[in-house]
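See below for the structure under consideration.
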Amino acid sequence: MLFYFMCALLLLNAFTTKAEETEECKDELDSQTCYEMYEGGSCELVSDVCAKTCHACDAITTKAEETEECKDELDSQTCYEMYEGGSCELVSDVCAKTCHACA
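Here the sequence shown stands for residues -19 to -1, 1 to 84, where the numbers follow mature numbering (1 follows the signal peptide of the UniProt record, and there is no 0).
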């Protein structure tokens, strides 16, 4: 009986750990936009804001650990629109992450 109880605890722990790992993996942009970027082959450009759709969660976690100070001060959608519109020169100080302006 103790054996089954321990097995149940191990399984529960495995599922809980997996859920915690995947909670951080999410798209910051809306799912339709991320899907369109994925289908268009643009994941290299948007993997930081479409991590889940672009299957880039491991890379984002590592990148975030390396550059915790590199972040967007504006919301992700606004920064992405500025990036797409070619305005990074104007907003790189408030959209550093999206505009790839981190040191």
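Glycine residues also receive a C-beta, built at the ideal position from the N, C-alpha and C atoms.
Source: prediction; values computed, not measured.
- Secondary structure at residue 83: coil, using DSSP grouped into helix, strand and coil.
- Spatial neighbours of residue 35 in its own chain (CB-CB distance under 8 Å, excluding positions within 5 residues in sequence) are listed in chain order as 15, 18, 19, 24, 27, 28.
- Straight through space, the alpha carbons of residue 13 and residue 63 are spaced by roughly 18 Å.
- Exclusion of the five residues before and after residue 78 leaves 29, 51, 52, 53 as the residues of its chain whose Cβ lies within less than 7 Å of its Cβ.
- Under DSSP, residue 76 shares a beta bridge with 53.
- In the structure shown, residue 15 adopts helical secondary structure according to DSSP, grouped into three states.
- Rounded to the nearest whole angstrom, the C-alpha separation of residue 73 and residue 7 is 23 Å.
- Residue 27: member of the alpha helix (DSSP H) spanning 24 to 27, first to last residue.
- Around the beta carbon of residue 10, 16 or more other beta carbons lie within 10 angstroms, which makes this residue buried.
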